[in-house]
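Here the sequence shown is numbered in the working numbering, starting from 1 and rising by one per residue.
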Amino acid sequence: MSALTSAQADDLRQALRIAERRSGLRFGLFLGEPAAGGRRHFAERLHAALGAEAAHAVVVLVDPRGRGIEIVTGESARPRLTDAACRLTAMSMATAFSAGDLIGGLLYGVNALGEQATARR
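Here it is, written out as structure tokens:
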């Protein structure tokens, strides 16, 4: 899978800023192959690395090569982004990825999570 163009990276940064501004949560996105230990463990480590901000954060890990998505939510984010909402978002992202639309799936995921978190604010 090819790397993101600079325009695509800019679009993702903008989507993350909008999601953060609207929801009041911190959003992080990791795109790539996770380190040893598995996707979930790596996503949880990334989330924990946010320190004091972790409680108010959402980390989305996308492993295109391994075809996996993990969404980790902090304590105060969890009531606003339920497991069911995260699963549904991940399924929609995976559908876009399987159609060859990496950037569309990433943007959809960030936007959907930001909107859901805002609606339950």
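Note that the Cβ used here is the ideal one computed from N, Cα and C, for glycine as well. Bear in mind that the values here come from a model prediction, so they are computed numbers and not experimental data.
For residue i, the three-state DSSP class (helix, strand or coil)
i, result
"L25", "coil"
"L50", "coil"
"L81", "coil"
"L4", "coil"
Bridge partner(s) assigned by DSSP for residue i
i, result
"I69", "V62"
"A57", "R26"
"L107", "Answer by DSSP bridge pairing: none, since L107 is not bridged."
Residue i, buried or exposed, once every other Cβ within 10 Å from all chains shown has been counted against 16
i, result
"L88", "exposed"
"M1", "Any reading at M1 is ruled out, since the residue's pLDDT is 43, under 50, leaving its predicted position unreliable."
"S6", "exposed"
Length of the line joining the Cα atoms of residue i and residue j
i, j, result
"A19", "V60", "13 angstroms"
"F42", "A55", "17 angstroms"
"G51", "R26", "12 angstroms"
"G66", "A35", "12 angstroms"
"D11", "G37", "30 angstroms"
C-beta contact flag for residue i and residue j at 7 angstroms
i, j, result
"G104", "A96", "yes"
"L107", "A9", "no"
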